[in-house]
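Residue numbers (the UniProt record's numbering): 1 to 458.
Idealized CB from N, CA, C, for every residue including glycine.
Every value quoted in this text rests on a predicted model; they were computed, and no experiment measured them.
Reading through the C-alpha cells given below for one structure.
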C-alpha cells in the first residue's frame with residue numbers, strides 16, 4: 001500500500017510496554033510505509049513486563065525478546081528518558097507526526113475512598129509492586145514488615161502476586177530479579193499471617209487458576225479457606241454449573257483443597273494465608289499507624305451472573321499493621337485528553353481519543369490497558385493493538401496527505417533542550433550491565449533503581 005506522495009506515515013507511540021511494541025508490529029505488518037518512534041518516560045523499555053510482572057515469574061518476562069526484534073527494525077526508533085507533557089508537549093508532537101498512539105498502561109492504583117486510607121501502613125498495590133520491581137519512582141517509599149499480620153484487599157492476580165512476595169521463603173526470592181535493597185528488608189519480615197479478602201464469593205473471584213494453585217505450593221506455608229465460604233447459594237451454584245464458566249470450575253477445585261487445610265489450631269511454625277470472601281472494606285483503624293481493618297459482611301441479590309453485592313450492618317474486624325489495596329487501576333492524565341472516571345482509561349471511541357468536549361481528536365489513538373482497562377494477559381494486547389492499527393488505516397485518507405517531519409525534528413527539539421534521550425543501543429548497554437551484576441549475585445539481573453544510575457552506564 002503506497003502512501004500519498006510516497007511520504008512514510010509518521011507515527012509516535014507513547015509508552016514502551018507490550019502494547020506499544022505490538023502497535024509498532026501491527027504497523028510494520030500493515031504494508032504501509034511507516035516510520036515509528038517509540039517514546040518512553042524511563043530510560044528502559046518493556047513497561048509492565050519489567051515493572052509489573054512479579055519478579056519470581058521470570059518466564060513471563062521472556063516476551064521481551066520478541067519485543068527486541070520489533071525495536072531493532074530499521075523503521076522503528078526507540079527514545080527513552082523522554083517524558084511527554086514535560087520534555088515535549090502533545091501539541092508539539094502533533095506538529096511532527098501524522099499519528100500519536102497512547103499505550104501508557106494503567107500505573108496508578110484506584111483508591112477505596114474510605115476512612116483511614118492515609119494511615120501509615122496502608123498502601124496501594126502499585127506502590128508495592130513498583131518498589132519490589134525496582135521502579136525508580138517508588139524507591140523512596142517505606143514498607144514496615146515488622147508486624148505479624150498483613151491484609152490484602154482484592155481477589156485478582158495482583159493480590160496473589162503481593163501475597164506470594166510476602167509469603168515466599170527469602171532464599172526463593174533471591175533467585176528472582178527483586179533488587180537487593182528490597183530483599184534485605186523482606187529478609188527481616190515478621191509477617192506470619194496474611195488475609196486475602198474479597199467482597200464477593202469464590203465463584204466470582206478473578207484469580208487465574210495457575211496463580212491460585214501456585215499459592216498452595218509455597219514452602220512452609222499453609223493456605224486455608226473456611227468451609228462456610230464453599231457452601232454455595234443457589235445462584236452461585238448456577239454460575240458454577242454453567243458449562244462455559246471454566247475458570248470458576250478450576251478455581252473451585254483449588255479452593256476445595258484449601259478448605260481441607262482449615263483448622264482452628266493452625267501450625268504456628270508455618271506462615272498462614274487465609275482467603276476470605278463476602279467482606280467489603282469499611283474503614284482502616286489506628287492512631288496514625290494502621291492497627292486493623294473493619295469490613296462489613298455482604299450478601300448477593302439478583303439473578304445468576306448479574307448478582308450484585310449488598311452490604312449488611314454486620315461488621316468484622318481483622319487485625320493487621322500492613323494493608324495493600326488491589327481494587328483497580330487508573331491511566332495517566334494528559335493535557336487536553338480525558339479519563340473515563342468509571343473505567344480509569346483514556347476516554348476513547350473505537351481506539352480514537354476524545355477531548356473534554358467529547359469530540360474525537362484527529363490523529364490520536366490508544367491501545368492496551370489505558371484503552372480498555374486492566375484485563376487480559378500480555379498476549380491480549382497484541383489483538384488490541386491490531387484493532388487500533390485497523391482504525392488508523394481506516395482514517396489514513398484524513399491525514400496522510402499532510403507532510404510530517406517525524407523523528408529527525410523530534411531529536412533536534414530534544415537536543416536543543418539538552419534532554420539526554422536513550423536509544424535502543426544505549427538500553428542494551430544498561431541491560432548488559434544489569435545482567436552482569438545479577439550473575440555475580442546468582443540472579444537473572446540486578447536492576448538499576450534510579451534513572452541517574454542507568455544514564456551513568458551509557
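Could you check how far apart the C-beta atoms of residue 46 and residue 15 are, in whole angstroms? I think they sit under 8 Å. Going by Cβ atoms, the distance from residue 46 to residue 15 rounds to 11 Å, so no, they are not a contact pair.
Just tell me which of 338, 82, 433 and 154 has its CA closest to the CA of residue 279. 154
Taking only three categories from DSSP, how would you classify residue 425? helix
Locate the beta strand (DSSP E) running through residue 314, then write down its first and last residues. 308 to 319
What residue range does the beta strand (DSSP E) around residue 34 cover? 34 to 39
What's the gap between the Cα of residue 223 and the Cα of residue 399? 57 Å
CB of residue 331 within 8 Å of CB of residue 339, strictly: yes
Closest by CA to residue 8, which one among 83, 97 and 381? 97
What three-state label does DSSP hand residue 249 in the structure shown? helix
At what residues does the beta strand (DSSP E) containing residue 363 begin and finish? 360 to 366
What separation, rounded to the nearest whole angstrom, lies between the Cα atoms of residue 441 and residue 134? 16 Å
To the nearest angstrom, report how far apart residue 136 and residue 270 are at their CA atoms. 34 Å
Measure the alpha-carbon distance for residue 1 versus residue 142 and round it to whole angstroms. Low confidence applies to residue 1: its pLDDT is 43, below 50, so where it sits in the model is not reliable, and the reading given next is rough at best. Looking at the two C-alpha atoms, the distance is approximately 54 Å.
Which of helix, strand or coil does DSSP assign to residue 400? coil
I'd like the list of long-range same chain contacts for residue 437, defined as Cβ closer than 6 Å, with 5 residues on each side in sequence excluded. 446
Note down the Cα distance separating residue 317 from residue 298, rounded to an integer number of angstroms. 14 Å
Look up residue 4 in the DSSP assignment and say whether it is helix, strand or coil. With a pLDDT of 45 at residue 4, under the threshold of 50, the predicted position of this residue should be treated as unreliable, though the coordinate-derived value follows. Three-state result, residue 4: helix.
Report the option in 197, 29 and 352 whose CA atom is closest to the CA atom of residue 395. 352
Compute the beta-carbon to beta-carbon distance between residue 99 and residue 405, rounded to the nearest angstrom, for a pair I have assumed lies under 8 Å. Contact doesn't hold; Cβ gap of about 13 Å is too wide.
Report the partner residues of residue 323 according to the DSSP bridge assignment. 122 and 151
Residue 103 versus 217, 24, 146 and 250, residue with shortest Cα-Cα distance: 24
Short Cβ contact (8 Å threshold) for residue 53 with residue 60: yes
For the region 159 to 166 against the region 112 to 130, do three or more pairs of beta-carbon atoms, one drawn from each stretch, fall closer than 8 Å, so that the two count as touching? yes
Considering only the alpha carbon of each residue, which of 284, 84 and 29 lies closest to residue 336? 84
Taking 7 Å as the line, does the beta carbon of residue 115 fall inside it for any heavy atom of the ligand MG? Here there are no bound small molecules, and the ligand MG is not part of this structure.
Can you tell me whether residue 210 is buried or exposed, with buried defined as 16 or more other CB within 10 angstroms of its CB? exposed
Helix, strand or coil: how does DSSP classify residue 272 here? strand
State whether the region 227 to 245 contacts the region 199 to 210, with contact taken as three or more CB pairs (one from each stretch) at a distance under 8 Å. yes
Going by DSSP in three states, residue 377 sits in which element: helix, strand or coil? coil
Within this structure, are the beta carbons of residue 291 and residue 319 separated by less than 8 Å? yes
Entirely enclosed alpha helix (DSSP H) segments - the region 149 to 219, minimum 4 residues: 157 to 167, 170 to 173, 180 to 186 and 209 to 215
Could you check whether residue 124 and residue 140 sit closer than 8 Å to each other, using their CB atoms as the reference points? no
Touch check for the region 224 to 231 and the region 257 to 272: three-plus C-beta pairs under 8 Å? yes
Give the single residue among 392, 26 and 170 whose Cα lies nearest to the Cα of residue 191. 170
For the beta strand (DSSP E) containing residue 21, name the first residue and the last one. Here residue 21 belongs to no beta strand (DSSP E); instead the alpha helix (DSSP H) covers 18 to 28.
Let me check understanding here. Comparing Cα to Cα, which of 30, 346, 86 and 275 lies closest to residue 40? 86
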